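Residue numbers (the numbering used here): 21 to 311. C-beta atoms are modelled at their ideal positions from N, C-alpha and C, and glycine is treated no differently. All values reported here derive from a predicted model rather than from experimental measurement. So the structure is just underneath, and the comments pick up after that.
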C-alpha cells in the first residue's frame, strides 16, 4: 500500500518560553516490508534540525529554539510504501533456548516492570499455554482485548502495567506493555513498536482519515525448520491480529519511553496546550514495498 502521512503538532504557551529543545521520532522506518520514499519536516519558529540514529536504530530529529516564543508548530509529511510481511515461522519452544535465539533476543528478553512481581501476571501467563511461540502470540492478541476494555483517559503516558490490571482498561500503549511483559516471562523476546495505523477499510470507503499514533509489538519467533535465524514478527493486541501492510513502523525499543514520537523541554513557567493530528491518505492500494 502507498500512504501519504501528515503529522501536525501545535504547542501554544500561555507565556513566552525559551530554550525549547525537542527530539522527534516520527519518520517511517525502512524495513523488509516498508519503504519511506519522501520525508519533510517544517518547524515554526524556524530551527536547524540535526538527525541521528538512536541505540535501537530509530531516526531521531533534534532541534532547539533559543529565542522567546509563545507557539511551536511541527509539521511532518511522509510518503511510505508497505507490503504484507512473509508468513510468520512456527518454530518450537525448544528453539528459544538456543544460542542463536538468545543472541538475537538481546535485551528484549530481559524482565521489565514485573520485578518485583505484579499481582495477576502469573495467572495470565498460565493461560498462554500453546503448542508454539507463534500460537502464544496469537492467543495473547485475543486474550488482552477480551480481558481489558479499550478506553482512552483512564491511563496516562507514565502508567505501568499494575495500573492497567487495576482499572481493567487502557489504550494501545498499555496493551503492548502488558503483552511484552507476558511474552518475556514465557521466554519469548518482545519489543515495543511505535508507528501509524491505517484505520479505514481497505475495500472502498475513505481515502483519507485522521488517526492517532499507534503502538504494537514485535515478537522474536524461532525458525520453523530449526536451521534458520529467528524472525521479528509484528502483532497488534489492540486489533486482535498480526501487523500487516496497514501498519507503518517508525521504530522500536524496550518500551514506550524508548520511542516517544515527540519529547521536549523548555525554559519558563508557562503551561502548554497541545493539539496534534495525524492524517493518513491512501494513494495506491496496489503499491508494494517489494515492488
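Continuous alpha helix (DSSP H) stretch holding residue i: start and end
| i | result |
| --- | --- |
| residue 20 | With the chain covering only 21 through 311, there is no way to say anything about residue 20. |
| residue 146 | 141 to 146 |
| residue 196 | 192 to 205 |
| residue 187 | 181 to 187 |
| residue 228 | Counting along the chain, residue 228 falls outside any alpha helix (DSSP H), though it belongs to the beta strand (DSSP E) covering 228 to 231. |
| residue 121 | 119 to 125 |
Bridge partner(s) assigned by DSSP for residue i
| i | result |
| --- | --- |
| residue 40 | 85 |
| residue 149 | Paired residues: none, contrary to the question. |
| residue 270 | Bridge partners of residue 270: none, in fact. |
| residue 22 | 101 and 304 |
| residue 70 | 82 |
| residue 238 | 211 and 254 |
| residue 93 | 30 and 64 |
Among the options, nearest to residue i - alpha-carbon criterion
| i | options | result |
| --- | --- | --- |
| residue 88 | 185, 38 and 299 | 38 |
| residue 261 | 165, 231 and 281 | 165 |
| residue 106 | 294, 275, 254 and 302 | 254 |
| residue 108 | 275, 245 and 259 | 245 |
| residue 248 | 116, 201, 61 and 263 | 116 |
| residue 316 | 44, 59 and 50 | Absent from the model: residue 316. The displayed extent of the chain is 21 to 311, so no value can be given. |
| residue 190 | 200, 206 and 173 | 173 |
| residue 131 | 186, 303, 275 and 279 | 275 |
| residue 196 | 114, 180, 251 and 85 | 180 |
| residue 187 | 199, 200, 201 and 167 | 167 |
| residue 113 | 62, 279 and 250 | 250 |
| residue 212 | 243, 281 and 61 | 281 |
| residue 273 | 73, 242 and 148 | 73 |
| residue 216 | 210, 142 and 229 | 229 |
| residue 152 | 192, 231 and 207 | 207 |
| residue 154 | 111, 23 and 84 | 111 |
| residue 66 | 57, 85, 277 and 264 | 85 |
| residue 182 | 163, 147, 148 and 142 | 142 |
| residue 56 | 28, 24 and 80 | 24 |
| residue 29 | 226, 82, 96 and 81 | 96 |
Rounded C-alpha distance that separates residue i from residue j
| i | j | result |
| --- | --- | --- |
| residue 150 | residue 156 | 6 Å |
| residue 299 | residue 100 | 13 Å |
| residue 31 | residue 47 | 20 Å |
| residue 203 | residue 36 | 46 Å |
| residue 194 | residue 301 | 27 Å |
| residue 145 | residue 176 | 25 Å |
| residue 291 | residue 160 | 40 Å |
| residue 239 | residue 64 | 39 Å |
| residue 104 | residue 54 | 9 Å |
| residue 178 | residue 21 | 34 Å |
| residue 118 | residue 259 | 32 Å |
| residue 205 | residue 184 | 18 Å |
| residue 169 | residue 297 | 24 Å |
| residue 252 | residue 68 | 35 Å |
| residue 218 | residue 304 | 13 Å |
| residue 128 | residue 71 | 25 Å |
| residue 78 | residue 50 | 10 Å |
| residue 294 | residue 233 | 15 Å |
| residue 310 | residue 52 | Low local confidence applies: a pLDDT of 40 at residue 310 is under 50, so the model's placement there is unreliable, with the coordinate-based value given in what follows. The alpha-carbon atoms of residue 310 and residue 52 are separated by roughly 8 Å. |
| residue 45 | residue 75 | 13 Å |
| residue 199 | residue 257 | 8 Å |
| residue 209 | residue 279 | 18 Å |
| residue 214 | residue 236 | 7 Å |
| residue 220 | residue 241 | 29 Å |
| residue 171 | residue 192 | 9 Å |
| residue 120 | residue 126 | 10 Å |
| residue 62 | residue 158 | 40 Å |
| residue 201 | residue 231 | 27 Å |
Opening and closing residue of the beta strand (DSSP E) in which residue i lies
| i | result |
| --- | --- |
| residue 213 | 210 to 217 |
| residue 302 | 292 to 304 |
| residue 256 | 251 to 256 |
| residue 58 | 54 to 64 |
| residue 282 | 282 to 287 |
task: Indicate whether the contact test is met: 3 or more Cβ pairs, each with one atom in the segment 138 to 147 and one in the segment 85 to 105, closer than 8 Å.
output: no
- Decide if the segment 271 to 289 is in contact with the segment 31 to 51; the criterion is three or more beta carbon pairs, one per stretch, under 8 Å apart. yes
Legend entry - the segment 95 to 114 touching the segment 257 to 275, judged by at least three CB pairs closer than 8 Å: yes
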